[in-house]
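Engineer:
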Ligand SMILES: [Zn+2]
């Protein structure tokens, strides 16, 4: 087959080189031949350009690629022999380093003309990628420590955000610490409670109006007897009963935990919040023990000069019942916005455990007496930190929580 005026280039040599580079445009079919030469056998300008490009590649690019192919075979045979990291390091230095042979060949491609560089560059890059992958894989198999990462200990460290406990947890733990030091156990009970434990055992008989004070969420699932009596607990007091049933008297226990009420939400009310209750049952426990204990709580929460005031209040499970007010920590009893200019803050409810409750727990109420108190942890925390909206505690806004 003759290519007319293309004789100027040694076509056989060209075809061989093209084959080696997987380019076989010129050896094509009669159709391709016609496309390139036209019907009269005169080469089209595209072909002439192509040939100039091939000529350049032949002069400069092909020797480079040949050198690269030889180097590839050499490196592969060297890598196949590597048995330890030392040898691998030597190979890395000889071929892969910045002044290594592979890098030198890659650099020489830069000097080719534009088109030649594009073609030769692609082939060279494929070979380089293949070799680098083989090398890295071998490095991993040999322990991966060929070039250990160096830690610069003089660099400044990374500052990590410092987190801390939620304000409610802070106060809860402060109180737990105080009562643990006084020999109280920390008792935990279920949040899903039976009507019996939440109300009846605590002297709220069914249909008693006192139940209206604590509306809650009723669970639409019958118990073992088929009764719908499961509710979300409205206070942690049912665990006073559970604790007494489990451990009997004498007993000292505190019960912190989450409780639930069916309430419209506003700045001072939420449908779930935290309670903290205390119970002490023993022989000869009387009202002065309760008062002493409450004074201690006030001092722990709001400082040494805190005073206590108790005024009668009704709770079904205590007799007599009382509230507990402390002198305002902000104005010291002078009157301010926080205490609504009364000088006192109502913090808790308390009283002597009703004998009925003790009997319900299987404790002999003629032999044992006890006191109990309860408070909302949110309220204490709001007063202590001057927070004016209860809902902030549950929104998990980092800007709010960061302040404690
Ligand atoms: Zn005040």
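In this note's numbering, the protein residues as written are 7 to 410. We put the CB at the ideal spot given by N, CA and C, even for glycine.
How would you label residue 220, buried or exposed, when you count the other beta carbons within 10 angstroms and need 16 or more for buried?
Structural biologist: Residue 220 is buried by the Cβ-count criterion.
Engineer: Would you report the Cα separation of residue 128 and residue 156, rounded to the nearest angstrom?
Structural biologist: Between residue 128 and residue 156, the C-alpha separation is close to 34 Å.
Engineer: Buried or exposed: where does residue 243 fall if 16 or more other Cβ atoms within 10 Å of its Cβ makes it buried?
Structural biologist: Buried, since its Cβ has 16 or more Cβ neighbours within 10 Å.
Engineer: In this structure, how does DSSP classify residue 316 when only helix, strand and coil are distinguished?
Structural biologist: Note: residue 316 maps to coil in three-state DSSP.
Engineer: In this structure, how does DSSP classify residue 127 when only helix, strand and coil are distinguished?
Structural biologist: Of the three classes helix, strand and coil, the one that applies to residue 127 here is helix, per DSSP.
Engineer: Output needed for residue 316: all residues of its chain with C-beta closer than 8 Å, excluding positions within five of it in sequence on either side, in chain order.
Structural biologist: Result list for residue 316: 297, 300, 328, 329, 330, 331, 356, in chain order.
Engineer: Helix or strand or just coil, what does DSSP make of residue 352?
Structural biologist: Three-state DSSP puts residue 352 in a strand.
Engineer: Could you tell me whether the Cβ atoms of residue 207 and residue 394 are closer together than 8 Å?
Structural biologist: For residue 207 and residue 394, no; Cβs fall outside 8 Å.
Engineer: Is the distance from the Cβ of residue 282 to the Cβ of residue 358 below 8 Å?
Structural biologist: For residue 282 and residue 358, no; Cβs fall outside 8 Å.
Engineer: What's the gap between the Cα of residue 29 and the Cα of residue 125?
Structural biologist: Residue placement at residue 29 is flagged as unreliable, the pLDDT there being 47, under the threshold of 50; the coordinate-derived value follows with that caveat. Each residue's Cα considered, the two are about 10 Å apart.
Engineer: For residue 112 and residue 139, I'd like the C-alpha separation in whole angstroms.
Structural biologist: Spanning the two alpha carbons is a distance of roughly 17 Å.
Engineer: Give a single yes or no on whether residue 334 has its beta carbon closer than 7 Å to a heavy atom of ligand 1.
Structural biologist: True, at least one ligand heavy atom lies under 7 Å from that Cβ.
Engineer: According to DSSP, is residue 12 helix, strand or coil?
Structural biologist: Because residue 12 carries a pLDDT of 43, less than 50, the predicted location of this residue cannot be relied on, and no value is offered for it.
Engineer: Indicate whether residue 284 and residue 378 have their beta-carbon atoms separated by less than 8 Å.
Structural biologist: Their beta carbons are under 8 Å apart, which means residue 284 touches residue 378 by this criterion.
Engineer: Three Cβ pairs or more, each shorter than 8 Å: is that satisfied between the region 233-241 and the region 194-212?
Structural biologist: Yes, they touch.
Engineer: Check for me: the beta strand (DSSP E) holding residue 257 runs from which residue to which?
Structural biologist: Residue 257 -> beta strand (DSSP E) spans 257-266.
Engineer: Report, in whole angstroms, the separation of the C-beta atoms of residue 288 and residue 376, which I expect to be a contact under 8 Å.
Structural biologist: Their Cβ separation, rounded to whole angstroms, is 7 Å, which keeps residue 288 and residue 376 in contact under 8 Å.
Engineer: Would you kindly work out how many angstroms separate the C-alpha atoms of residue 37 and residue 89, rounded to a whole number?
Structural biologist: Residue placement at residue 37 is poorly supported in this model, since its pLDDT is 47, which falls under 50; the coordinates are not used for a value here.
Engineer: Exposed or buried, residue 404, counting other C-beta atoms within 10 Å across all chains shown (16 or more means buried)?
Structural biologist: Its Cβ having fewer than 16 others within 10 Å, residue 404 is exposed.
Engineer: Would you mind giving the Cβ-Cβ distance between residue 266 and residue 312, rounded to the nearest angstrom? I have them listed as a contact below 8 Å.
Structural biologist: Contact flag wrong, Cβ pair sits at about 30 Å.
Engineer: Give the list of continuous alpha helix (DSSP H) stretches no shorter than 4 residues that lie fully inside the region 288-340.
Structural biologist: Here the runs fully enclosed are 293-308.
Engineer: Do residue 148 and residue 78 come within 8 Å of each other at the CB atom, strictly closer than that value?
Structural biologist: Not a contact, by the Cβ cut-off of 8 Å.
Engineer: Does the distance between the C-beta of residue 344 and the nearest non-hydrogen atom of ligand 1 fall short of 7 Å?
Structural biologist: Result yes, Cβ under 7 Å from ligand 1.
Engineer: Considering Cα atoms alone, identify which of 217, 224, 360 is closest to residue 291.
Structural biologist: Checked all of 217, 224, 360; the closest Cα to residue 291 is 360.
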